[in-house]
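Enquirer: Dumping the structure here so I can ask a few things about it.
Residue numbers (our numbering): 1454 to 1645.
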């Protein structure tokens, strides 16, 4: 039997997540509620035979220029959902930059997806951390909703897309340079 307090608590939590555009900031704690969805703090890897196609993604970059993922056909893509308000996003910024610098010459593209931010705050974050890759400006979370099979509902989330634009991995937590670089290099090797 479910208590009234549990039902009310679930409703309040669901309303809070909905009010934030469907995103939860990951603080380093894994979910332990017995739910069947993806857990906070998890990493999923998909072997080539189990990879699903990434959705069509387009939008406006922070600088106002249009972006279409189809323009990067044949490239491995690292998607990273972030917000300037997110402490784990700040913590992983150096790791992301190190992986970008180590793998970009292999034909790997990086795309940030900024959520729940004003444009000025997002641009200040990119400038402060020296991100050399573009970021979509997605304050309402529409890009995340397009990834319905592996929804990035935790901030930060990083998705790896293989050269055929299939979803190869999802990190529902901050990333660390050694593990991310290993996976990105492996995907770049598949494309060779």
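A virtual CB, placed ideally from N, CA and C, is assigned to each residue, including glycine.
#1: Rounded to whole angstroms, what's the CA-CA distance from residue 1565 to residue 1534? Just pull it up for me.
#2: How should residue 1546 be labelled, buried or exposed, when 16 other C-beta atoms within 10 angstroms of its C-beta is the threshold for buried?
#3: If you measure between the beta carbons of residue 1537 and residue 1578, is that distance less than 8 angstroms?
#4: Exposed or buried, what is residue 1626 when buried is set at 16 or more other beta-carbons lying within 10 Å of its beta-carbon?
#5: Assuming the contact rule is C-beta atoms closer than 8 angstroms, residue 1597 and residue 1609 should be a hit. Round their C-beta distance to whole Å, please.
#6: Work out the CA separation of residue 1595 and residue 1614 for me, nearest whole Å.
#7: Can you tell which of 1644, 1592 and 1567 has the C-alpha that lies nearest to the C-alpha of residue 1586?
#8: Among 1575, 1611, 1639 and 1562, which has the Cα closest to the Cα of residue 1495?
#9: If you follow the beta strand (DSSP E) that residue 1610 is part of, which residue opens it and which one closes it?
#10: Spatial neighbours of residue 1420 within its chain, please: CB distance less than 6 angstroms, with the 5 preceding and 5 following residues excluded, ordered by chain position.
#11: So, residue 1505 versus residue 1620, is the Cβ gap smaller than 8 angstroms?
#12: With the cut-off set at 8 angstroms, would you say residue 1623 and residue 1603 are in Cβ contact?
#13: Kindly list the residues whose CB is nearer than 6 angstroms to the CB of residue 1616, restricted to its own chain and excluding five residues on each side of it in sequence; keep chain order.
Expert: In short:
#1: 6 angstroms
#2: buried
#3: yes
#4: buried
#5: So it is not a contact: roughly 12 angstroms between Cβ atoms.
#6: 18 angstroms
#7: 1567
#8: 1611
#9: 1610-1614
#10: Outside the displayed range of the chain (1454 to 1645) lies residue 1420, so it cannot be described from this structure.
#11: yes
#12: yes
#13: 1527, 1529 and 1644
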